[in-house]
Amino acid sequence: MMVQVIVDGKNYEAEEGSLLIDLLIKEQIKVPYFCYHEALGADGNCRMCMVEIAGQKRPQIACDTLVKPDMEVSSKSEKIEKVHTDILELELINHPVDCPTCDQAGECSLQDFYMDYGLHESKVRIEEKVKHDKHVDLGANVMLDQERCVLCARCTRFTDKITHTHELGIIGRGDEAKVSTMPGRKLHNPYAMNLVDICPVGALTSKDFRFKQRVWFLETANSVCHGCAKGCNIYIDHHKIKYEDDMIYRFRPRRNDAVNGFFICDAGRLSYKLLQNNRQTMIRHKDEIISEEKSIALYQSLLKQYKNSITVVIDANLYNEEIEALVDYAQRIGAEVCAPLECYDDTEFADTMLKSAKRAANYEKVVKMGLDRTMPKTSGLIINFNHTETFYAEMQIDFSTHQRPNASFILPIAAYSEQSGSLTNEDGLVQMCEKAVHKNSPSPTLREWLQKVGL
Amino acid sequence: MSFSFTKANLERIEVLKNRYPSTQALSLPCLWMAQYQEGYITLDAIDVISETIDVPAMEIYRVATFYTMFHLEATQKKRVLVCKTLSCKLCGSEGILEHLKGHDVLVEHVECLGSCGTAPVMQIDDVNYENLTPEKVDTILEALR
Amino acid sequence: MREALIVSRKFSLEESHTLAVAQEHGAYKTLKKLQNLSPLEVIKIIKESGLRGKGGGGAPAGNKWALMPQESEKPSFLAVNCDESEPGTFKDRQIITKDPHLLIEGILLTCYAIKAIHAYVYIRGEYYQYQQVLQVAVDEANAAGLLGDVKITLHRGAGAYICGEKSALLESMEGKRGHPRLKPKQPEPEWYFGNPTLVNNVETIASVPFILEHGAEAYRSYGTERSPGTLLFAMSGHVERPGVYEAEFGVPMMEYINHFGGGVKNGKKLKAVIPGGASTGVLTAKEAEEVLLDYESLRAMGVSLGTGGMIVMDEETSMVAVLKNLLEFYHEESCGQCTPCREGTGWVDKLVGKILDGRGSSADIDELLEIAETMNGKTICVFAPAVSAVIVSFLTRFRDEFEAAL
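Next comes the structure, spelled out in structure tokens:
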């Protein structure tokens, strides 16, 4: 039942018996917290999310407070801010002051809360801090700095409750407690890099990303992972350094409770690299780089030459709009259409969490449109729109994001990160991808090529 | 794996399984058995316990590191636990600790052993030796050699 | 001072731990009374007796028993707390070695009242030699057919003070780290693997046979109105005859110390008394002269009765060194779960260490009080608030000694 709750003098509605902290997060009412995470539930260990509740003698943690009708909550009084400041100060006693060299700087809860509640003269009059290991390679691209850890146990709860792989635990006790794997053992689950995102501080960092770029320089676009048909929502974090090209530094999961929740798999996360390696940038015919003008003329003469014996091959990673345009185009030039899918079936990749056996982002769109999913049959001209398989035909034209060895006539196209479009995931959900990367010399998009070659 | 429970311990484990609502309750009893078998708790033993009671090895490991009486490292020396908490301190535990420096034993300064009325105290192989004096320490250690 | 032997009646007998001697002196007689009492009637008697938990908290035992469901699909459990780790406390150890059958009898009566089949005694790991005495007694009672359907299992801890906290004890007994649990939102039993469970201290359970044998009024005839009955008070530290001596609640502290303990050791003057285990604060000699040994009197002095394990300190004792010793204990024993406790216990230990070494400043004393404030009332369990109270207690009563050490 929905009930009224008053927070800082304002009325809100919340489900009776739900966690107060969920309401505060939803309504963007600022309370500091480390251990609470919506995917992991409440643990109550960091003691930061204290609020005052009318009728209660002591401050209460919002992550262990259930919403009651007409509850009156104060998150900002002088008294409660002092509580936040005091607990934060304890949190900082054994925390190294290495923000200038810490990769988390800029997206660190501890740093943010210090800005909100700290900014005070430190009272710490004790020189020696508790020493721990600062460079523990946990495996799976995850590095641990035990000194930066605030022992919120989000990471251990992740390997316990989300992946059920139990690699991480807090060992020892008191201020000697630390996060660790078992001696000599490493992280061994395909979602391990999510630990970097759920760690509220700089204790867990990505071996792949750390030291590469300050996060405040990064620009972010909303996109969808192309690693399989699940359609996990991601952020593409990219940045253009002066005189250099726009570069993707990382993918991060973007919360979508209908698809991927808070997480993505490591394979998908690291798939950004594919967008930057072995890209086709020039128009080539045989071994020669040719001009766009020349290529269009060549393309048109090939169309004429192979009239009535043309097959358009569509890759199932292209956007909905691209696939639709290509089907339309094929019809106009009287070509057969196929979108081979078999090569994208990969049961070994699949699991029960997020990884789908259909390893093409728009697999479902191809199925929905009823396209021929087999390999092309004609032996005249194949116009291949970014499919990675090898085909057999008298002549083949490749519109390709990536280099293709032995291609006789290849025209570069923009990758998904360089244009916007939509995808249909395996559950039939249509999701938008924003354009993220702005190349210094962008390749035309598929749709631009279709215009050029005379739609 | 090089560790295995003795037949007697395996029988005890089976009996204990009927005593608790979940086999997870057996983690402390199993850790004790492993420690008595080998003198300390090896990672192999943790893996065997994990299989025996169907609890992730990491959970057993972090339990083992929480309790001060579990040892994860071997020692050849005799472990001598000396209480350093208040009543023992008021009754001379510091002198006992100082005196023990002259013995070839592994001294562990531990918290209250519950012998406040018979302080100072040391514990060796689960036995408390109370109302200690340096001379008594010598006699006890001599007898245990 | 009148004699008041409820739990320790058989302690001085030869071979008191054996079934033969125990039965010769009346052990297990109360079991017959159960034939004419329903479980709820037993709980009613315990409630009427005013029996309070003797593990340190002093909560009314009958109320806790009444929270246990009488009709439940889930099995009910009894967990007897013998994790006795509070510095200055060594009374439960006397019960399990000197009259284990009294405890077993109490367990059987309690299991009947709460309809439990399984009873566990959680014994601190350091008490293994005493655990073996209790185990022999359980085996003897079992062989004699006294246990009926009840199964008593001794569960050994492994060195963690915090496991004396009832929810940490249950976590530990579930095979986990001894982390106290978040508190329930309304009165309810404790839970063991999701089953309703009663957790009571050894001495509390050992008091039950007397109450059932002689009635609630007989128990109430000892002690005070609000602190009825007796306690195995104890003395250690600078006292002539340290030990555990049962007395009724409400006796004057110094009378107890002089009567049973023979006063301060070596004829020295008294400086201070920690009234009931390390976590209860400290009293000056003057306060000790005035105070009575019951929950309310000690509370009125800003300290607590705790387990009744008094630590006596003579005039030559350094209060700075004593506080440092206690803070080392808390620093070592904090489970590390909550930030204020995990970080706070280490910080205050180091700060007092600095003062003890003569490197302190008056700002450090203020700082100690401030951290104590931060540690109070902001954690899952009462460990940090207890540390906080200890610091405040020492600094308010003996501030001059701390200042002199700067």
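Residue numbers (the working numbering), protein chains in the order written: chain A, 129 to 583; chain B, 22 to 166; chain C, 4 to 409.
Every residue gets a Cβ at the ideal spot worked out from N, C-alpha and C, and that includes glycine.
query	result
Go through its chain and collect everything with a Cβ distance to residue 144/A's Cβ below 7 Å, but skip five positions before and after it.	129, 131, 195, 196, 197
Buried or exposed: where does residue 417/A fall if 16 or more other Cβ atoms within 10 Å of its Cβ makes it buried?	exposed
Terminal residues of the continuous alpha helix (DSSP H) containing residue 250/C?	Note, residue 250/C: premise wrong, no alpha helix (DSSP H); beta strand (DSSP E) at 246 to 251.
Rounded to whole angstroms, how far is the Cβ of residue 85/B from the Cβ of residue 62/B, which I believe are closer than 8 Å?	6 Å
Along the beta strand (DSSP E) that carries residue 204/C, what are the first and last residues, could you check?	198 to 204
So, using beta-carbon positions, are residue 357/A and residue 492/A closer together than 7 Å?	yes
Report buried or exposed for residue 348/C, applying the criterion of at least 16 other Cβ atoms within 10 angstroms of its Cβ.	buried
Nearest-angstrom Cα distance between residue 480/A and residue 39/B?	34 Å
Could you pull the DSSP bridge partners for residue 332/A from this structure?	272/A
What do you get for residue 350/C, buried or exposed, if any count of 16 or more other CB atoms within 10 angstroms of its CB means buried?	buried
Are the C-beta atoms of residue 159/C and some chain A residue less than 7 Å apart?	no
Scan the segment 183 to 208 of chain C for residues whose Cβ lies nearer than 7 Å to a Cβ of chain A and list them as they occur along the chain.	185, 188
Using 7 Å as the threshold, is the C-beta distance between residue 33/C and residue 206/C below it?	no
Mind reading off the beta-carbon distance from residue 103/B to residue 130/B? Whole number of angstroms is fine, and I expect it under 8 Å.	6 Å
Contact between the segment 448 to 466 of chain A and the segment 52 to 68 of chain B is defined here as three or more beta-carbon pairs at a separation below 8 Å; is this criterion met?	no
Mapping the DSSP letters down to three states, classify residue 572/A as helix, strand or coil.	coil
Considering only residues of the segment 274 to 302 of chain A, which uninterrupted beta strand (DSSP E) runs meet the minimum length of 3 residues and lie entirely inside it, listed in chain order?	297 to 299
Just verifying my parser: in three-state terms, what is the DSSP assignment at residue 528/A?	strand
Any beta carbon from chain C within less than 7 Å of residue 177/A's own beta carbon?	no
Can you tell me whether residue 102/C is buried or exposed, with buried defined as 16 or more other CB within 10 angstroms of its CB?	buried
Any C-beta of chain B sitting closer than 7 Å to the C-beta of residue 90/C?	yes
Whole angstroms are fine: how far does the CA of residue 204/C sit from the CA of residue 16/C?	24 Å
State the Cα-Cα distance for the pair residue 282/A and residue 561/A, rounded to the nearest angstrom.	30 Å
Can you check the segment 441 to 516 of chain A for any beta strand (DSSP E) of at least 3 residues that lies completely inside it and give the ranges in chain order?	464 to 466, 509 to 513
So, are the CB atoms of residue 467/A and residue 442/A less than 7 Å apart?	yes
At a Cβ threshold of 7 Å, is residue 162/C touching chain B?	yes
Closer than 7 Å, CB to CB, is residue 177/C near chain B or not?	yes
By the criterion of Cβ-Cβ separation under 8 Å, what are the contact partners of residue 300/A in chain B?	86, 87
Report the neighbours of residue 211/C on chain B: residues whose CB is nearer than 7 Å to its CB, in chain order.	None at all; the shortest Cβ gap to chain B is about 23 Å.
Around the Cβ of residue 160/B, are there at least 16 other Cβ atoms within 10 angstroms (buried) or fewer (exposed)?	exposed
Do residue 151/B and residue 142/B have their beta-carbon atoms positioned less than 7 Å apart in this structure?	yes
Please classify residue 360/C: does DSSP put it in a helix, a strand, or coil?	coil
What beta strand (DSSP E) runs, 3 residues minimum, are completely inside the segment 382 to 442 of chain A?	438 to 442
So residue 355/A and residue 396/A are in contact, right, with Cβ under 8 Å, and what is the actual spacing, rounded?	4 Å
Looking at the structure shown, is residue 345/A part of a helix, part of a strand, or coil, going by DSSP?	helix
Assuming residue 352/A contacts residue 381/C (C-beta within less than 8 Å), just tell me the rounded distance between them.	Actually they do not touch by this definition, with Cβ atoms about 43 Å apart.
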